[in-house]
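Numbering-wise, this note's numbering puts 279 at position 279 of the sequence shown, and it's gapless, one number per residue. What follows is a set of notes on a single structure, which appears directly below.
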Amino acid sequence: MPTPAHSTPKPQKIRIGDHLLAAKLITQEQLDQALSQQKTTKRRLGTTLVELGMIDEELLLRFLSKQLNIGYVDLKAFNLDPEIVKIIPEIQARRFRIIALAEDDDGLLSIAMADPTDIYVFDEISRLLKRPFKAAIAKESIILKAIDKLYRHTEKIKGLAAEVDHQLDTDDTEHQELSDSDDNSDAPLIQLLNTMIEDAVSINVSDIHIEPERDHTRIRFRIDGVLHEQPSTSRRLAGALISRLKLMAGMDISEKRLPQDGRFRLTVRDQDIDTRLSTMPMQHGETAVMRLLNQTAGIPNLNDIGMEPETLIRFRKAIHSPHGIVLVTGPTGSGKTTTLYAALQDINDPGKKIITIEDPVEFQIPGITQVQVNPKIDLDFARVLRSLLRQDPDIALIGEMRDNETMETALRTAMTGHMVLSTLHTNDAISTVSRLIDMGAAPFMLASSLRGILAQRLIRKLCENCAIPADINDSQKALASTTLGEAAETANFKRSHGCPHCNNTGYIGRTTISEFVEINKALLEPLQQGDLQQFIHQANLQTGFQSIGKSAFQLAARGITSFDEVMRVCFGGN
């Protein structure tokens, strides 16, 4: 981005509302409504107008950039340099909603600001930098996301880990004693754990793995379904960390011979994080995995989880049936529960009684009765399900059909005029019927109750900022042609590259690839007769059906994911 040889002059206070009104971007009625709400929320007028849907945020920012004679920056398309970014300390960057963009040969620093009309922020930046700077305007939400990703705490974690290791040396302290005594937030062990979790939350980590090896502690973060190794630490640190985590989760810290499960809640950067902890004994001590569930993020809408439009129409039709059972299948971590939660929100209304049976309850949904199973007191899926009908439900969600009794009770519930949603671990939609029959389901019960089967996976999306065109080899071209047909000739295949926006992984976020089998008239007869070969044949011929593999290749052809990612998720490639 070109920079002038002089700094941006201090802004003059402007009446944004009057300027927008004069440009006919808002009406007087909209301005009055926004000003009224602003008195209550105390938020900026521009932010209020955007939140009320009266003006598009990008349109507002581009308008302000012209009024103030400063640049507008789309941070999604800007390659931020981590070293330049850290010229501004994290505390000030978060407080003032600013981020350093670039530095020219004369030392003039360009800074993106969420509100360049704020005279106080200008004064504070000038006092902090003690040198000229050039201002630009950017979306506040994107600035905050960039801050989360670029202000990593790797060096701080290393320093705290060394401090805890030194404390173990000098105090000759046992892990349990260290964990019990560290009740103040300034203790190195608590600081280390808090910093590690905060770092993980900032880059959307779903799981933290703590694994003691022979001579070191291995820490790995799972980001978008793939594990990434973090700097290793002393082997003894694993015991101290796990003991502290057990204490937080209400587990028995003296028991190291048996697996244990627990959970606790944390607030990290104003985000409510529900943490599930699982420990297990191994050769070199205990290993632990923390699953981080961001309760603040909420449950996605069914339209936003990534289903192809045709699949979504057919799936939505099935879940809105008055009775029957719809299954969502796939391996662990394939987003089945998220899809079912989104489905519940789609069919939820005050005229229906919805009960869920879950292990665990991951998100609380207003207006829905959610039951947490507890095997320790024999409150399992089957037992709750047997009592469910006495609660007069219209719709039931069963977290997982784990055994024959749960499956049979679920099928009978569906046959008696109720809608049932559940999950099963299978590789694809069509083979689910074979699995159910193997579990003991009678074919006539399946024919009477099944409405549809959705199989899904999660696939990583390429970072829009750094994805580059990909050249695919002959074997890849042949595979794409077999799957996509003529559409493969015009495909826009891309590959990952890596940049600061995606933490150099080349990917940001995941989306769903899926296939859906609707139990229609053509499938009823083979299903009733238990003719699996004919069922598979008819399912593949079904109008609107496309396989998970084809769904993945369509995303790759549009440049949303990479060919390598399709091979990894669908065919087990590296």
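Beta carbons are placed, not taken as given, at the ideal position from N, Cα and C, and that holds for glycine.
- request: Look up residue 114 in the DSSP assignment and say whether it is helix, strand or coil.
  value: coil
field: Length-filtered (4 minimum) alpha helix (DSSP H) runs lying within the segment 37–67
entry: 45–51
message: Does the contact criterion of 3 or more C-beta pairs under 8 Å hold for the segment 373–386 versus the segment 403–420?
response: yes
field: Chain-order list of residues whose beta-carbon lies under 8 Å from that of residue 1 (same chain, five-residue window excluded)
entry: With a pLDDT of 46 at residue 1, under the threshold of 50, the modelled position of that residue is not reliable, and the figure given next carries that caveat. The answer, listed in chain order, is 71, 73, 78, 101, 102, 110, 136.
query: The alpha helix (DSSP H) spanning residue 202 covers which residue range?
result: 188–202
Proximity to residue 51 [Cα-Cα], best of 310, 35, 63: 35
field: Buried versus exposed, by CB contacts within 10 Å (16 or more), residue 238
entry: buried
task: Report, in whole angstroms, the separation of the C-beta atoms of residue 242 and residue 210, which I expect to be a contact under 8 Å.
output: 6 Å
field: Complete beta strand (DSSP E) runs within the segment 219–262 (minimum length 3 residues, chain order)
entry: 226–229
task: Determine the burial state of residue 282: buried for a count of at least 16 other Cβ atoms within 10 Å of its Cβ, exposed for fewer.
output: exposed
Nearest candidate by alpha-carbon position, reference residue 457, set 409, 204, 435, 225: 225
message: Can you give me the C-alpha to C-alpha distance between residue 395 and residue 332, rounded to a whole angstrom?
response: 24 Å
message: Using a Cβ-Cβ cutoff of less than 8 Å, which residues in the same chain neighbour residue 219 once the five nearest sequence positions on both sides are dropped?
response: 196, 208, 209, 210, 211, 229, 230, 231, 232, 233
query: The alpha helix (DSSP H) spanning residue 564 covers which residue range?
result: 563–571
query: Counting only runs that start and end within the segment 310–388, where is the alpha helix (DSSP H) found for 4 or more residues in a row?
result: 336–347, 381–388
- prompt: CB-CB under 7 Å to residue 447, same chain, minus the five flanking residues each way: which ones, in chain order?
  reply: 524, 527, 528
task: Could you check which residue in 221, 217, 216 has the C-alpha nearest to that of residue 199?
output: 221
task: Please report the Cβ distance between residue 98 and residue 125, rounded to the nearest whole angstrom; I am assuming they are in contact, meaning their Cβ atoms lie under 8 Å.
output: 7 Å
query: If you drop the 5 nearest sequence neighbours on each side, which residues of the same chain put their C-beta closer than 6 Å to that of residue 311?
result: 514, 516
Residue 131, DSSP secondary structure in three states: coil
task: Give the C-beta separation of residue 149 and residue 492 to the nearest angstrom, bearing in mind that I take them to be a contact with Cβ-Cβ under 8 Å.
output: In fact, because the Cβ distance is near 26 Å, the residues do not count as touching under 8 Å.
field: Neighbourhood of residue 215 by C-beta, 8 Å cutoff - its chain only, sequence neighbours within 5 removed
entry: 235
- prompt: How many whole angstroms separate the CB atoms of residue 338 and residue 300, which I take to be in contact at a CB cut-off of 8 Å?
  reply: 7 Å
query: When the Cβ atoms of the segment 276–291 are set against those of the segment 420–431, are three or more pairs found closer than 8 Å?
result: no
field: DSSP-derived helix/strand/coil call for residue 501
entry: helix
Three-way DSSP call (helix, strand, coil) for residue 445 in this model: helix
- request: Identify, in the order they occur along the chain, each residue of the same chain with its Cβ nearer than 6 Å to the Cβ of residue 453, setting aside the five sequence neighbours on each side.
  value: 327, 429, 432, 517
- prompt: For the beta strand (DSSP E) that contains residue 281, what are its first and last residues?
  reply: 271–282
task: Decide if residue 297 is buried, meaning its Cβ has at least 16 other Cβ atoms within 10 Å, or exposed.
output: exposed
task: Spell out the partners DSSP gives residue 507 in its beta bridges.
output: 462
query: Okay, do the segment 542–561 and the segment 347–365 touch, 3+ Cβ pairs below 8 Å being the bar?
result: no
message: Quick check: the Cα distance between residue 393 and residue 361, rounded to an integer number of angstroms?
response: 18 Å
- request: Sort 85, 131, 87 by Cα distance to residue 8 and report the nearest one.
  value: 131
- prompt: So, are the CB atoms of residue 472 and residue 563 less than 9 Å apart?
  reply: yes
message: Which of the three DSSP states is assigned to residue 495 in this structure?
response: strand
- prompt: From this set, 416, 444, 450, 443, which residue's C-alpha is nearest residue 423's C-alpha?
  reply: 450
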